[in-house]
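Going by UniProt numbering, the first residue of the sequence shown is number 1, and it counts up by one from there.
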Amino acid sequence: METEEGIRLRKPTPIKTKREEEEEGRRDGGEAGVDIRNCNKEMTNVEEEPLSPAARLFHEPNFNLHIVAIMGCKTRIYPEVFKANLPHTLLRHPRFSSLLVVDEKNEGKMKWVRTEVDLDKHIIIPDLDPNMESPDQFVEDYIYNLSKTTIDKSKPLWDLHLLNLKTSEAEGTGIFRVHHSLGDGTSLMSLLLACTRQISNPEALPTIPVKKKKNDDKRVFNRGFWWVLKFFWNTFADVFMFMLTALCLEDTKTPLKGPPGSEFNPRRFVYQTLSLDDMKLIKNAMNLTINDVALGVTQAGLSRYLNRRYGDNENKDSGAEKKNNLPEKIRLRSTLLINIRPAAGIQALADMMEKNTEAKWGNWIGYVLLPFTIALRDDPLDYIREAKTTIDRKKHSLEAIYTFSIAELVLKLFGIKRASALSHRIISHTTMCFSNLVGPLEEIGFYGHPMAFLAPSSYGQPHALVINFQSYINKMTIVLSVDEETIPDPHLLCDDIVQSLNLIKEAVVARGLVN
Numbered sequence: 001m002e003t004e005e006g007i008r009l010r011k012p013t014p015i016k017t018k019r020e021e022e023e024e025g026r027r028d029g030g031e032a033g034v035d036i037r038n039c040n041k042e043m044t045n046v047e048e049e050p051l052s053p054a055a056r057l058f059h060e061p062n063f064n065l066h067i068v069a070i071m072g073c074k075t076r077i078y079p080e081v082f083k084a085n086l087p088h089t090l091l092r093h094p095r096f097s098s099l100l101v102v103d104e105k106n107e108g109k110m111k112w113v114r115t116e117v118d119l120d121k122h123i124i125i126p127d128l129d130p131n132m133e134s135p136d137q138f139v140e141d142y143i144y145n146l147s148k149t150t151i152d153k154s155k156p157l158w159d160l161h162l163l164n165l166k167t168s169e170a171e172g173t174g175i176f177r178v179h180h181s182l183g184d185g186t187s188l189m190s191l192l193l194a195c196t197r198q199i200s201n202p203e204a205l206p207t208i209p210v211k212k213k214k215n216d217d218k219r220v221f222n223r224g225f226w227w228v229l230k231f232f233w234n235t236f237a238d239v240f241m242f243m244l245t246a247l248c249l250e251d252t253k254t255p256l257k258g259p260p261g262s263e264f265n266p267r268r269f270v271y272q273t274l275s276l277d278d279m280k281l282i283k284n285a286m287n288l289t290i291n292d293v294a295l296g297v298t299q300a301g302l303s304r305y306l307n308r309r310y311g312d313n314e315n316k317d318s319g320a321e322k323k324n325n326l327p328e329k330i331r332l333r334s335t336l337l338i339n340i341r342p343a344a345g346i347q348a349l350a351d352m353m354e355k356n357t358e359a360k361w362g363n364w365i366g367y368v369l370l371p372f373t374i375a376l377r378d379d380p381l382d383y384i385r386e387a388k389t390t391i392d393r394k395k396h397s398l399e400a401i402y403t404f405s406i407a408e409l410v411l412k413l414f415g416i417k418r419a420s421a422l423s424h425r426i427i428s429h430t431t432m433c434f435s436n437l438v439g440p441l442e443e444i445g446f447y448g449h450p451m452a453f454l455a456p457s458s459y460g461q462p463h464a465l466v467i468n469f470q471s472y473i474n475k476m477t478i479v480l481s482v483d484e485e486t487i488p489d490p491h492l493l494c495d496d497i498v499q500s501l502n503l504i505k506e507a508v509v510a511r512g513l514v515n
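Printed below as a string of structure tokens:
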């Protein structure tokens with residue numbers, strides 16, 4: 001059966017581990033798929049599972065984080081298709097079919113308890129006027145209002161909002177909201193992508209570029225003594241700065257840095273989709289990585305924006321926007337989220353749920369404090385060079401592993417309150433959060449709905465600014481999550497980052513660096 005736009009209403013192939021596939025191969029006959037009624041009956045018999053220490057951290061009042069994935073669809077969204085497919089994919093993962101229960105009789109310990117999932121409570125379909133004047137603004141305001149709320153704990157901690165409203169970039173928009181205690185961004189992106197299939201091959205999972213694993217031990221010993229010494233010195237210096245930040249070292253109070261209590265304010269989500277080929281052109285011309293380009297472009301955009309904000313009090317007719325209004329020695333750092341799993345990059349959900357693999361489910365994120373140089377440069381390429389120097393220095397350090405380990409140690413020794421205070425203090429002493437996620441190489445469909453773009457972000461953190469880069473086919477979407485009490489003009493900030501990319505690209509082409 002198909003809808004009028006060709007979306008197939010079919011029973012999907014369920015996601016299986018290798019053990020499940022082998023057992024299915026030994027059986028004669030049998031129909032693929034999972035009966036949600038039987039599935040839920042089985043789930044109620046499964047033992048309860050306590051929350052991991054990191055998951056408990058995300059339920060502290062000052063660290064109540066939610067992840068939001070905004071998905072643009074090229075066709076109208078059919079809710080019945082999602083309701084038919086979710087039991088065979090998303091609900092197979094225990095986190096998405098479990099309640100968060102607080103055991104008051106056992107010192108308030110939290111645990112996951114399997115439950116029957118009522119999809120009508122998770123899939124929200126507002127009644128919209130298709131002829132409204134500003135659909136793009138409506139979607140933006142809808143997500144803004146969503147960030148004022150938290151997910152009801154009387155149900156599994158996720159929901160999906162389907163907006164059948166044509167905007168400038170999509171025919172319909174889906175907003176997938178998940179509490180951060182269910183997993184880190186990499187885990188949740190893997191789960192989301194495991195629910196999709198290639199448009200050109202409806203039975204195939206998306207192709208995600210994965211960096212080849214290197215033999216780190218051999219690489220270290222093949223270097224020289226001074227290289228090894230520098231490696232450990234960098235780690236020591238980074239961990240020292242991490243501890244100093246936890247104690248007293250705070251970023252400069254710029255127009256980008258949120259005041260205490262920013263985590264409780266709603267967030268405005270703005271995003272723009274660019275050409276990934278433009279970033280690849282810069283990458284290839286300057287022998288960089290896409291991450292180097294993303295950081296350099298962000299550094300240039302932040303400098304451009306801050307220069308304007310600091311010049312607001314001057315007469316614009318005198319050229320205040322063109323001259324350097326920046327204070328000297330601005331300390332502005334980003335909390336860079338690093339996946340510390342043995343296998344780098346986004347893992348397929350089927351691999352992540354299989355035992356004895358390198359991929360692990362949950363919050364396995366280390367923090368790297370990444371300094372940004374805020375200055376006006378005559379040569380736009382200097383922003384890229386400075387970013388590459390900084391990130392190369394960070395690559396020669398074990399900062400992410402040690403910061404993850406320190407947070408885990410504090411949690412185990414001193415409890416959840418102290419660990420929450422430590423994490424909150426470190427993040428509130430920096431200015432922003434940054435991430436760059438790699439997406440599918442080919443066009444994908446979410447239960448048959450062709451996707452136009454994917455824009456992930458979050459809210460509930462002490463930062464007033466979160467910047468995410470998300471690639472998809474030949475596109476790159478820049479997503480900003482901002483506290484408007486601190487940054488009242490988020491669209492202008494997003495434009496500055498986009499304009500910085502264009503200026504850097506023009507400089508590369510003008511100098512004949514393109515092969």
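Ideal placement from N, C-alpha and C gives every residue a C-beta, glycine not left out.
Tell me which same chain residues have a C-beta within less than 8 Å of the C-beta of residue 242, skipping the five on either side of it?
-> Position 242 of the sequence shown, counting from 1, holds the residue named residue 242. Correct list, in chain order: 367, 369, 399, 402, 403, 406, 426.
Alpha carbon to alpha carbon, how far is residue 479 from residue 105?
-> The residue you call residue 479 lines up with position 479 of the sequence shown. The residue you call residue 105 lines up with position 105 of the sequence shown. Between residue 479 and residue 105, the C-alpha separation is close to 43 Å.
Run of the alpha helix (DSSP H) containing residue 141, from where it starts to where it stops | For the purposes of this step, residue 141 is taken as the residue at position 141 of the sequence shown. Unbroken alpha helix (DSSP H) run through residue 141: 135–146.
What do you reckon, are the CB atoms on residue 485 and residue 324 nearer than 8 Å?
-> On the sequence shown, position 485 is the one that residue 485 refers to. On the sequence shown, position 324 is the one that residue 324 refers to. No, Cβ-Cβ distance for residue 485 and residue 324 is not below 8 Å.
Identify the residues that DSSP records as bridge partners of residue 393: which are they?
-> Indexing the sequence shown from 1 puts residue 393 at position 393. Looking at the DSSP assignment, residue 393 forms no beta bridge with any residue, so it has no partner.
Look at residue 258 and residue 464 and say whether their C-beta atoms are less than 8 Å apart.
-> Position 258 of the sequence shown, counting from 1, holds the residue named residue 258. Position 464 of the sequence shown, counting from 1, holds the residue named residue 464. In this structure, residue 464 lies closer than 8 Å to residue 258 by Cβ.
Per DSSP, cross-strand counterpart(s) of residue 472 = Here the question's residue 472 lines up with position 472 in the sequence shown. Paired residues: 475.
Start and end of the beta strand (DSSP E) containing residue 452?
-> As a working mapping, residue 452 is identified with position 452 in the sequence shown. Unbroken beta strand (DSSP E) run through residue 452: 449–459.
Would you call residue 438 buried or exposed, if buried means 16 or more other Cβ atoms sit within 10 Å of its Cβ?
-> Numbered from 1 along the sequence shown, position 438 holds the residue referred to as residue 438. Result: buried.
For residue 287: DSSP bridge partner residues = One-based indexing of the sequence shown puts residue 287 at position 287. Answer by DSSP bridge pairing: none, since residue 287 is not bridged.
Could you give the residue range of the beta strand (DSSP E) that holds residue 241?
-> Start at 1 with the first residue of the sequence shown, and residue 241 comes out as number 241. Looking at the DSSP string, residue 241 is not in any beta strand (DSSP E); the run it does join, the alpha helix (DSSP H), is 225–247.
Are residue 450 and residue 468 close, meaning C-beta to C-beta below 8 Å?
-> Residue mapping note: residue 450 aligns to position 450 of the sequence shown, counting from 1. Residue mapping note: residue 468 aligns to position 468 of the sequence shown, counting from 1. Taking 8 Å as the Cβ cut-off, residue 450 and residue 468 do not qualify as a contacting pair.
Test item: CB-CB of residue 194 and residue 182 under 8 Å = In the sequence shown, residue 194 corresponds to position 194, counting from 1. In the sequence shown, residue 182 corresponds to position 182, counting from 1. No, they are not a contact pair.
Residue 107 (DSSP reduced to helix, strand or coil) | Reading the sequence shown from its first residue, position 107 is the one you call residue 107. Three-state result, residue 107: coil.
Along the chain, where does the alpha helix (DSSP H) that runs through residue 185 open and close?
-> Indexing the sequence shown from 1 puts residue 185 at position 185. Per DSSP, residue 185 belongs to the alpha helix (DSSP H) from 185–194.
Excluding the 5 residues preceding and the 5 following residue 436 in the sequence, name in chain order all residues of the same chain whose CB lies nearer than 6 Å to its CB.
-> The residue you call residue 436 lines up with position 436 of the sequence shown. Contacts found: 291, 294, 469.
Backbone secondary structure at residue 367 - three-state DSSP = As a working note, residue 367 is residue 367 in the sequence shown. DSSP places residue 367 in strand when its eight states are reduced to three.
Residues of its chain near residue 178, where Cβ-Cβ distance is below 6 Å and the 5 sequence neighbours each way are ignored | Here residue 178 is taken as the residue at index 178 of the sequence shown, counted from 1. Excluding residues within five positions, the ones whose Cβ falls inside 6 Å are 67, 158, 188.
Sub-8 Å separation of residue 72 and residue 453 beta-carbons | As a working note, residue 72 is residue 72 in the sequence shown. As a working note, residue 453 is residue 453 in the sequence shown. Going by C-beta atoms, residue 72 is nearer than 8 Å to residue 453.
Distance, Cα to Cα, residue 56 vs residue 91?
-> Along the sequence shown, read from residue 1 onward, the residue named residue 56 stands at position 56. Along the sequence shown, read from residue 1 onward, the residue named residue 91 stands at position 91. Cα to Cα, residue 56 sits roughly 22 Å from residue 91.
Which residues in the same chain as residue 374 place their Cβ atom closer than 7 Å to its Cβ, once the five residues preceding and following it in sequence are excluded?
-> One-based indexing of the sequence shown puts residue 374 at position 374. Result list for residue 374: 302, 303, 306, 326, 330, 332, in chain order.
Residue 303 (DSSP reduced to helix, strand or coil) | For this step, residue 303 is matched to residue 303 along the sequence shown. Looking at residue 303 - three-state DSSP - the assignment turns out to be helix.
Would you mind giving the Cβ-Cβ distance between residue 123 and residue 143, rounded to the nearest angstrom? I have them listed as a contact below 8 Å.
-> Here the question's residue 123 lines up with position 123 in the sequence shown. Here the question's residue 143 lines up with position 143 in the sequence shown. Not a contact, Cβ separation roughly 16 Å.
So what does residue 264 bridge to, in DSSP terms?
-> Indexing the sequence shown from 1 puts residue 264 at position 264. DSSP, once it has assigned bridges, lists no residue as partnering residue 264.
Kindly indicate which three-state DSSP category residue 78 falls into: helix, strand or coil?
-> The sequence position of residue 78 within the sequence shown is 78, counting from 1. Looking at residue 78 - three-state DSSP - the assignment turns out to be coil, as it is neither helix nor strand.
Go through its chain and collect everything with a Cβ distance to residue 43's Cβ below 7 Å, but skip five positions before and after it.
-> By one-based count along the sequence shown, residue 43 stands at place 43. Because the pLDDT at residue 43 is just 39, under 50, the model does not fix this residue reliably, and the value given afterwards should be weighed accordingly. Contacts found: 97, 114.
How should residue 207 be labelled, buried or exposed, when 16 other C-beta atoms within 10 angstroms of its C-beta is the threshold for buried?
-> Within the sequence shown, residue 207 is the residue found at index 207, counting from 1. Classification of residue 207: exposed, given that the 10 Å Cβ count is below 16.
Would you mind sorting residue 440 into buried or exposed? The rule is 16 or more other CB atoms within 10 Å of its CB.
-> Taking the sequence shown and counting its residues from 1, one reaches residue 440 at position 440. When all chains shown are included, residue 440 counts as buried.
Alpha-carbon to alpha-carbon, residue 410 and residue 58 = Translated into positions along the sequence shown, residue 58 becomes position 58. Translated into positions along the sequence shown, residue 410 becomes position 410. Going from the Cα of residue 58 to the Cα of residue 410 covers about 15 Å.
Check the C-beta distance from residue 521 over to residue 490 and give it rounded, since I have them as a contact under 8 Å.
-> Limits of the chain in this structure are 1 at one end and 515 at the other, which puts residue 521 out of reach.
Looking only at DSSP bridge pairs, what is residue 272 linked to?
-> Indexing the sequence shown from 1 puts residue 272 at position 272. According to DSSP, which records beta bridges pairwise, residue 272 is partnered with 478.
Euclidean distance between Cα positions of residue 493 and residue 108 | Translated into positions along the sequence shown, residue 493 becomes position 493. Translated into positions along the sequence shown, residue 108 becomes position 108. Approximately 43 Å, taken between the alpha carbons.
Can you tell me whether DSSP reads residue 69 as helix, strand or coil?
-> Within the sequence shown, numbered from 1, the residue matching residue 69 stands at position 69. Of the three classes helix, strand and coil, the one that applies to residue 69 here is strand, per DSSP.
Contacts around residue 112, its chain only, beta-carbon distance under 8 Å, and the 5 residues preceding and following it disregarded | Working through the sequence shown from its first residue, we reach residue 112 at position 112. Here the set comprises 48, 49, 50, 51, 94, 95, 98, 99, 100, 101.
Alpha-carbon to alpha-carbon, residue 391 and residue 249 = Taking the first residue of the sequence shown as position 1, residue 249 is located at position 249. Taking the first residue of the sequence shown as position 1, residue 391 is located at position 391. Residue 249 and residue 391: Cα-Cα distance of roughly 21 Å.
Output the distance between the C-alpha atoms of residue 171 and residue 236, rounded to the nearest integer angstrom.
-> Within the sequence shown, residue 171 is the residue found at index 171, counting from 1. Within the sequence shown, residue 236 is the residue found at index 236, counting from 1. Distance between the alpha carbons of residue 171 and residue 236: 51 Å.
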